[in-house]
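A.B. asks: What follows is a single structure, and I will ask about it in a moment.
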Amino acid sequence: MRDSAETATPGAQPAGNETTVRTGTSPFSYECRGCGRCCFNKRIPLGPYEVLRLARHASLATGEFLRRYVDHEGPWLASRPDGSCVFLVGGCCTVHTDRPFACRVYPLGRWVSARGEETFRELRPHPQSEGRYGQEGTVAGFLERQGAAPYLAAADRLQALFYRLFDAVQGVLPQRPDLPVAVPEAWRTRAVDGDPAFVEWLDADGIAARYCHAQGRPVPETIDAVHDTYIEAIDAWLKKTGGQAT
Ligand code: SF4
């Protein structure tokens with residue numbers, strides 16, 4: 016039974032204190048003071064929407080972005096040898112307007128159960144972080160100020176696909192609660208002729224283009240249109256391969 020799915024959180028460990036589990040209405044505020052310390056030694060997970068946003072920020076197609084900036088073991092945002100995020104320059108985030116969801120909601124992580132129950136937990140900050148915690152607002156207000164809404168919408172749409180993907184490949188790997196990680200791992204090991212390799216699975220531009228070419232449709236260009244077509248293509252792939260056991 017899948018009881019939990021982590022839709023997007025940094026690689027920091029939860030604080031481990033049950034009192035830090037929060038809902039959207041829980042009192043919470045956090046002020047990032049730009050010390051940059053939290054951008055070291057993290058595993059920032061990426062979904063197709065985040066890859067699209069970051070790729071456009073870098074004026075790249077998603078395939079090239081994946082080759083340059085993504086650690087394929089995760090998939091995580093690539094890091095330099097000193098542990099710093101590849102987009103941290105001079106202590107500043109150079110992709111701030113298009114930073115991933117995990118960075119937006121830090122120091123919170125979001126969990127969504129199979130029943131759709133959403134909770135947030137505080138992640139353990141860097142011990143010398145200069146961020147200021149408070150109780151002045153709510154978790155929902157914090158997320159709104161961070162521009163999380165389109166990321167949440169994309170994550171929720173993709174979560175339904177994740178479950179179907181997981182069902183499609185669950186015979187390959189033991190069932191695991193960290194679904195968004197387990198599914199790509201399972202996909203990567205599935206070796207079905209004609210299936211995209213795992214890294215290609217995040218290549219929304221490539222998948223949307225191939226899907227449109229096969230159908231004689233114009234290839235979309237905007238982030239939202241590519242993302243919509245990408246989801247349509249994955250949905251079609253699941254139906255074609257019988258992976259719709261939800
Ligand atoms: S994307 Fe920006 S905010 Fe996120 S870890 Fe990298 S530098 Fe820090």
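Every letter in the sequence shown is one number past the one before it in our numbering, and letter 23, counting from 1, is 38. Glycine included, each C-beta is placed from N, C-alpha and C at the ideal position. Bear in mind that the values here come from a model prediction, so they are computed numbers and not experimental data.
1) Taking only three categories from DSSP, how would you classify P42?
2) So for T244, helix, strand or coil by DSSP?
3) Quick one: grab the DSSP three-state call for T237.
4) Taking the alpha-carbon positions, what's the P233 to G162 distance?
5) Once you ignore the five residues that flank Q263 on each side, which residues in its own chain have a CB closer than 7 Å to its CB?
6) Under the DSSP definition of a beta bridge, which residues are partnered with F55?
7) When you compare only the Cα positions, how much space is there between A219 and A169?
8) State the DSSP-derived secondary structure class of L61, mapped to helix, strand or coil.
9) Take every Cβ of the segment 110–123, pair it with every Cβ of the segment 53–69, and state whether three or more of those distances are shorter than 8 Å.
10) Secondary structure at T109, three-state DSSP: helix, strand or coil?
11) Nearest to R130 by CA position, among R225, Q174, E79, is which residue?
C.D. replies: Answer, in terms of the structure:
1) On the sequence shown, residue 42 is found 27 positions in, with the first residue counted as 1. It is a strand residue.
2) As a position in the sequence shown, residue 244 is number 229, starting the count at 1. Correct three-state label for T244: helix.
3) The residue you call residue 237 lines up with position 222 of the sequence shown. T237 falls in the coil class under three-state DSSP.
4) Here residue 233 corresponds to residue number 218 of the sequence shown, with the count starting at 1. Here residue 162 corresponds to residue number 147 of the sequence shown, with the count starting at 1. Going from the Cα of P233 to the Cα of G162 covers about 30 Å.
5) Any question about residue 263 goes unanswered here, given that the chain covers just 16 to 261.
6) Translated into the one-based positions of the sequence shown, residue 55 becomes position 40. Answer is S99, bridged to F55.
7) Residue numbering aside, residue 219 sits at position 204 when the sequence shown is read from its first letter. Residue numbering aside, residue 169 sits at position 154 when the sequence shown is read from its first letter. One C-alpha to the other measures close to 13 Å.
8) In the sequence shown, counting from the first residue as 1, residue 61 sits at position 46. Three-state DSSP puts L61 in coil, outside helix and strand.
9) yes
10) Residue 109 sits at position 94 when you count from the first residue of the sequence shown. Coil.
11) Sequence index remark: in the sequence shown, residue 130 carries index 115 (1-based). The shortest Cα separation from R130 among R225, Q174, E79 belongs to Q174.
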